[in-house]
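Read in order, the letters of the sequence shown correspond to residues 8 to 116 in the numbering used here.
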Amino acid sequence: MAQHDRIIDWLSSQPNVDTFGHAEQAALIAPRPFMIERGYVDGVGLDEWVSFEYAKVNRLYAKLWIPKQTEIEYFDSPHTIHGVGTMTFLHRHLNWPEPQPAPENSGRP
Numbered sequence: 008m009a010q011h012d013r014i015i016d017w018l019s020s021q022p023n024v025d026t027f028g029h030a031e032q033a034a035l036i037a038p039r040p041f042m043i044e045r046g047y048v049d050g051v052g053l054d055e056w057v058s059f060e061y062a063k064v065n066r067l068y069a070k071l072w073i074p075k076q077t078e079i080e081y082f083d084s085p086h087t088i089h090g091v092g093t094m095t096f097l098h099r100h101l102n103w104p105e106p107q108p109a110p111e112n113s114g115r116p
């Protein structure tokens, strides 16, 4: 059984899980920053479904006049933490200092 099938089986066994969609659940954290990473090869859901749900979140944030508080990043990968756009998003919204480049090798082993 694939991981996706196990997740669906578990979700369908939970009471009232279909009461709210993912967009409605995400809306509960508004106006806090909200970021989604989506791998094109991710078996958790279809790209179109993820985009449709995210569009609802994006619309809510636009109606609240905070459209820059939410983003989605697509990348060509399976279900994984990509972290590229997300780290930029976190640095911006949490006021983290920008990462410093690694020091040059001074020639010492």
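In this text, a Cβ means the ideal position worked out from N, Cα and C, and glycines have one as well.
TODO: State buried or exposed for residue 78, treating a residue as buried only when at least 16 other CB atoms are found within 10 Å of its CB.
DONE: For the purposes of this step, residue 78 is taken as residue 71 along the sequence shown, with counting starting at 1. Around the beta carbon of residue 78, 16 or more other beta carbons lie within 10 angstroms, which makes this residue buried.
- [ ] Look at the alpha carbon of residue 100 and the alpha carbon of residue 41, and state the distance between them as a whole number of angstroms.
- [x] Residue 100 sits at position 93 when you count from the first residue of the sequence shown. Residue 41 sits at position 34 when you count from the first residue of the sequence shown. So the alpha carbons of these two residues sit roughly 10 Å apart.
Task: Environment of residue 90 [buried if 16+ CB atoms lie within 10 Å] - done: Start at 1 with the first residue of the sequence shown, and residue 90 comes out as number 83. Taking every protein chain shown into account, the CB of residue 90 has fewer than 16 other CB atoms within 10 angstroms, so this residue is exposed.
Open item on the list: Only counting the same chain, and skipping five residues up and downstream in sequence, which positions put a Cβ closer than 7 Å to that of residue 105?
Closed with: For the purposes of this step, residue 105 is taken as the residue at position 98 of the sequence shown. Same-chain partners within the cutoff: 98.
TODO: Can you check the region 35-91 for any alpha helix (DSSP H) of at least 4 residues that lies completely inside it and give the ranges in chain order?
DONE: Correct list: 54-70.
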